[in-house]
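J.: Chains as they are written, first to last, in the working numbering: chain A, 1 to 313; chain B, 1001 to 1313.
Protein chains: 2
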Amino acid sequence: MNPLTVEYINLARERIAAHVHKTPLLTSSSIDSGLDGEVFFKCENFQKVGAFKARGACNALLSRQIEEIARGVVTHSSGNAAQGLAYAAQVCGVPAYIVMPKTTTAVKVEATKGYGASVTFCEPTLASREEVSRQLQLETGAVFVHPYNDYDVMAGQGTVALEILEQVDGLDAVLCPIGGGGLISGISTVIKSLSPNTEVIGVEPEGAAEALLSLQRGEITAVEGPKSIAEGLLSTVGTRCFPVIQQNVDRIVTVSDGEIRGAMRTLFERMKLVVEASGAATFAALEAQKVSLKGKRVAVVLSGGNTNFLGGE
Amino acid sequence: MNPLTVEYINLARERIAAHVHKTPLLTSSSIDSGLDGEVFFKCENFQKVGAFKARGACNALLSRQIEEIARGVVTHSSGNAAQGLAYAAQVCGVPAYIVMPKTTTAVKVEATKGYGASVTFCEPTLASREEVSRQLQLETGAVFVHPYNDYDVMAGQGTVALEILEQVDGLDAVLCPIGGGGLISGISTVIKSLSPNTEVIGVEPEGAAEALLSLQRGEITAVEGPKSIAEGLLSTVGTRCFPVIQQNVDRIVTVSDGEIRGAMRTLFERMKLVVEASGAATFAALEAQKVSLKGKRVAVVLSGGNTNFLGGE
Chain A
1 MNPLTVEYIN LARERIAAHV HKTPLLTSSS IDSGLDGEVF FKCENFQKVG AFKARGACNA
61 LLSRQIEEIA RGVVTHSSGN AAQGLAYAAQ VCGVPAYIVM PKTTTAVKVE ATKGYGASVT
121 FCEPTLASRE EVSRQLQLET GAVFVHPYND YDVMAGQGTV ALEILEQVDG LDAVLCPIGG
181 GGLISGISTV IKSLSPNTEV IGVEPEGAAE ALLSLQRGEI TAVEGPKSIA EGLLSTVGTR
241 CFPVIQQNVD RIVTVSDGEI RGAMRTLFER MKLVVEASGA ATFAALEAQK VSLKGKRVAV
301 VLSGGNTNFL GGE
Chain B
1001 MNPLTVEYIN LARERIAAHV HKTPLLTSSS IDSGLDGEVF FKCENFQKVG AFKARGACNA
1061 LLSRQIEEIA RGVVTHSSGN AAQGLAYAAQ VCGVPAYIVM PKTTTAVKVE ATKGYGASVT
1121 FCEPTLASRE EVSRQLQLET GAVFVHPYND YDVMAGQGTV ALEILEQVDG LDAVLCPIGG
1181 GGLISGISTV IKSLSPNTEV IGVEPEGAAE ALLSLQRGEI TAVEGPKSIA EGLLSTVGTR
1241 CFPVIQQNVD RIVTVSDGEI RGAMRTLFER MKLVVEASGA ATFAALEAQK VSLKGKRVAV
1301 VLSGGNTNFL GGE
């Protein structure tokens, strides 16, 4: 039974309030006049660890009894979920064991270690990730925390929408990226409860449109060899997330890698914001007219900012 | 006689309030714990046109009689001052004529034209810039507006400090970049009047430390062939700015181009902020320990964010 309600998400918000940022909702008059509408950018790139993942991970740990996680927590991730769980474990004062594919870039490994986590490498396959994670649980007594298919994680991510609704009125739509579906599950639950006339639109890369395919088929369907520069959006939708998406998400649109790059560039040049590819996909959908902004007020979730520095003069 | 007082700068603030942003003052707990102090980042990269120049230019035009500028305004600049004046002219509904060296990058030319300005090219020498500007004034009847050596421009830039003092208490120091000296003239006037115990520290590139040399010699002294990636900080200090700097600025420190690049990178990776080289020089002074942050509360002005997009995954 799905416990994900606005009340449940409000509790998550109280629980994590001291440990995560209420992120700003920024606007740009030049972008608005170019697209002939109003865009509100929810800046989760400014969140702790540089992405919304800090919210869900903190709620997942803070909602458990400390005895349950005293021997530590485990997850496998090469991305923001690793840093999110490492940060949350640091907040709770418990060990974090992160399983990362040995192909993970050094900077991500260092960032995760920077939050005090212990990193164990595995082969870059799901089977190896799961096997090494199980091994670590057995050895350490640590508890596995899923990066998205977990109601407490979903509730933590949903706090993004509670903030958006406090920060702006009369939204016609909210655009949210879909990877495993944790973020959009939480966000869509809040929006459909508190602002039912606001459309919830999911955004996926063309090369990894698993949620769209799954909705069309009525069952979770993996795409073979998903591929996109938006590495955070390659996961298959979670079994707990899928029914929430079926119920709450109005539609899903897809964007190409080129459109995502263009959006990253506009956010950099016009808004002076560093946004990673997965985080810029929502704005790409507006900029590439996959969703018309004309005369509308639309919030886009910029879900994270962890991208390589290639700047210079 | 120098009219630059806090009252004068307060008037500027009222005048430009509807046309410029009150920019946020951001913090980063990871940067603070690394440097063992508290840094407050004044984000003028989020300002209209992407730099503080919008403030001074708007005040310079709005403080004049509309009859005086009805036939337009002229300046010469290859950088943010061009966009600032173009924007201010658009606000006032008067023509802007911008003289740019023919070596200016296309993106800067386009950005300036994007605010409705007419761009005229000149040779990349001060003599040619001035000659073409004079010619344009004669032809059009437009008024010349200096990018920094103008009390109304200086007053507009000083509004940055009025905001900082509203946004944070008990500052030990404010770090401000020095190019022609317009920004630090306005900022130091406000700080020394309203918070006299706060140190005002100027920051210059090692390869263009004209203000430092001028202070040491007691007269404005140009550096031959100033050179730095911080293109906005290569100008010689203005005759109206210099006495203000002599009176109000406690000290000047210099930073290398490598230190500036390092600061840009930290701001990108940790804070997800796009800051141009000239804008990152202040933080470079902290990060490179030219100014110790230990146990202190220091505001740094991130003066602009107009740098080339070289991002990607």
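Here a beta-carbon is modelled for each residue, glycine too, at the ideal position from N, C-alpha and C.
As the structure is a computational prediction, the values presented were derived from the model and not from experiment.
Between residue 62 of chain A and the rest of its own chain, which residues show a CB-CB distance below 6 Å, the 5 nearest in sequence each way excluded?
T.: Once the five neighbours on either side are set aside, the close Cβ partners of residue 62 of chain A are 15.
J.: Going along chain A, which residues have a C-beta under 8 Å from residue 1273 of chain B?
T.: Residues of chain A passing the Cβ test: 272, 273 and 274.
J.: Tell me where the alpha helix (DSSP H) around residue 1042 of chain B begins and ends.
T.: That residue, residue 1042 of chain B, is in no alpha helix (DSSP H); its beta strand (DSSP E) goes 1038-1043.
J.: Following the continuous beta strand (DSSP E) through residue 1282 of chain B, name the residue where it begins and the one where it ends.
T.: First-last for residue 1282 of chain B: 1277-1287, but that is the alpha helix (DSSP H), not the beta strand (DSSP E).
J.: Would you check if the distance between the CB atom of residue 1185 of chain B and the CB atom of residue 1245 of chain B is smaller than 8 Å?
T.: The answer is yes: Cβ separation under 8 Å.
J.: Kindly list the residues whose CB is nearer than 6 Å to the CB of residue 1236 of chain B, restricted to its own chain and excluding five residues on each side of it in sequence; keep chain order.
T.: Excluding sequence neighbours, residue 1236 of chain B sits near 1210 and 1222.
J.: In the DSSP output, what is residue 1199 of chain B paired with across the bridge?
T.: B:1173.
J.: Among B:1085, B:1099 and B:1159, which residue has its Cα nearest to the Cα of residue 1021 of chain B?
T.: That would be B:1159, whose Cα lies nearest to the Cα of residue 1021 of chain B.
J.: Mind listing, in chain order, the continuous alpha helix (DSSP H) runs of no fewer than 4 residues lying wholly within the stretch 1114-1198 of chain B?
T.: Whole alpha helix (DSSP H) segments, 4+ residues: 1126-1140, 1151-1167 and 1182-1194.
J.: Measuring alpha carbon to alpha carbon, tell me which residue in B:1145, B:1214, B:1161 and B:1149 is nearest residue 1006 of chain B.
T.: Ranking B:1145, B:1214, B:1161 and B:1149 by Cα distance to residue 1006 of chain B puts B:1161 first.
J.: Distance, Cα to Cα, residue 199 of chain A vs residue 33 of chain A?
T.: In a straight line, the C-alpha of residue 199 of chain A is about 22 Å away from that of residue 33 of chain A.
J.: Count the other CB atoms within 10 Å of the CB of residue 1103 of chain B; is the residue buried (16 or more) or exposed (fewer)?
T.: Result: exposed.
J.: Which residues does DSSP list as the beta-bridge partners of residue 251 of chain A?
T.: DSSP output for residue 251 of chain A lists A:201 as bridge partner(s).
J.: If you count every other CB in all the chains shown that lies within 10 Å of the CB of residue 1129 of chain B, and 16 or more means buried, which is it?
T.: Burial call: buried.
J.: When you compare the stretch 224-233 of chain A with the stretch 135-148 of chain A, are there three or more beta-carbon pairs, one atom per stretch, that lie closer than 8 Å?
T.: Too few Cβ pairs lie closer than 8 Å, so no.
J.: Apply the 10 Å Cβ neighbour rule to residue 196 of chain A and answer buried if 16 or more other Cβ atoms are within range, or exposed otherwise.
T.: That one is exposed.
J.: Quick check: residue 1205 of chain B and residue 1281 of chain B, are their CB atoms within less than 8 Å of each other?
T.: A contact, by the Cβ cut-off of 8 Å.
J.: From this set, B:1058, B:1027, B:1028 and B:1276, which residue's C-alpha is nearest residue 1309 of chain B's C-alpha?
T.: Closest option to residue 1309 of chain B, Cα to Cα, is B:1276.
J.: Please give me, in chain order, every unbroken run of the alpha helix (DSSP H) with length at least 4 that falls completely inside the stretch 55-114 of chain A.
T.: Runs found: 66-69, 80-92 and 106-114.
J.: Which same chain residues, not among the five before or five after residue 1096 of chain B, have their C-beta less than 6 Å away from its C-beta?
T.: Once the five neighbours on either side are set aside, the close Cβ partners of residue 1096 of chain B are 1073, 1085, 1086, 1089 and 1117.
J.: Show which residues of chain B have a CB atom less than 7 Å away from the CB atom of residue 243 of chain A.
T.: Here the premise fails: no neighbours, minimum Cβ distance about 32 Å.
J.: Can you tell me the Cα-Cα spacing of residue 24 of chain A and residue 1255 of chain B, whole angstroms?
T.: Approximately 32 Å between the Cα atoms of the pair.
J.: Ends of the beta strand (DSSP E) at residue 299 of chain A?
T.: Unbroken beta strand (DSSP E) run through residue 299 of chain A: 297-302.
J.: Which residue wins for smallest C-alpha separation from residue 1094 of chain B, given the options B:1077, B:1109 and B:1068?
T.: If we check each option's Cα against that of residue 1094 of chain B, B:1068 comes out closest.
J.: Could you give the distance in angstroms between the alpha-carbon of residue 166 of chain A and the alpha-carbon of residue 1091 of chain B?
T.: Near 31 Å, if we compare the C-alpha coordinates of residue 1091 of chain B and residue 166 of chain A.
J.: Starting from residue 305 of chain A, find everything on chain B with Cβ-Cβ shorter than 7 Å and list it in chain order.
T.: Chain B residues near residue 305 of chain A: 1272.
J.: I'd like to know if the stretch 49-57 of chain A and the stretch 1048-1055 of chain B are in contact, where contact means that at least 3 CB-CB pairs between them fall below 8 Å.
T.: Result no; under three Cβ-Cβ pairs closer than 8 Å.
J.: Consider the Cβ of residue 24 of chain A: report whether some Cβ of chain B lies at a distance smaller than 8 Å.
T.: Chain B, which has a Cβ nearer than 8 Å to the Cβ of residue 24 of chain A, makes this yes.
J.: For the stretch 31-47 of chain A, list every residue whose C-beta sits within 9 Å of some C-beta in chain B, in sequence order.
T.: Flagged, chain order: 43, 45 and 46.
J.: Taking residue 1075 of chain B and residue 1147 of chain B to be in contact with their CB atoms under 8 Å, please state how far apart those CB atoms are, rounded to whole angstroms.
T.: With a Cβ gap of about 6 Å, residue 1075 of chain B and residue 1147 of chain B count as contacting.
J.: So with CB distances below 7 Å, who are the chain B contacts of residue 269 of chain A?
T.: Within 7 Å Cβ-Cβ: 1309.
J.: Hey, residue 1301 of chain B and residue 1042 of chain B: beta-carbon distance below 8 Å or not?
T.: Result yes, Cβ atoms of residue 1301 of chain B and residue 1042 of chain B sit closer than 8 Å.
J.: Mind checking the stretch 1249-1266 of chain B against chain A and listing, in chain order, the residues whose C-beta falls within less than 8 Å of any C-beta there?
T.: For the stretch 1249-1266 of chain B, which is checked against every Cβ of chain A, the residues closer than 8 Å are 1261, 1264 and 1265.
J.: To which residues does DSSP link residue 51 of chain A through a beta bridge?
T.: DSSP, once it has assigned bridges, lists A:304 as partnering residue 51 of chain A.
J.: Note down, in chain order, each residue of its chain lying with its Cβ closer than 6 Å to the Cβ of residue 1330 of chain B, except the 5 sequence neighbours on either side.
T.: Given that chain B is displayed from residue 1001 to residue 1313, the structure contains no residue 1330 of chain B and the question cannot be resolved.
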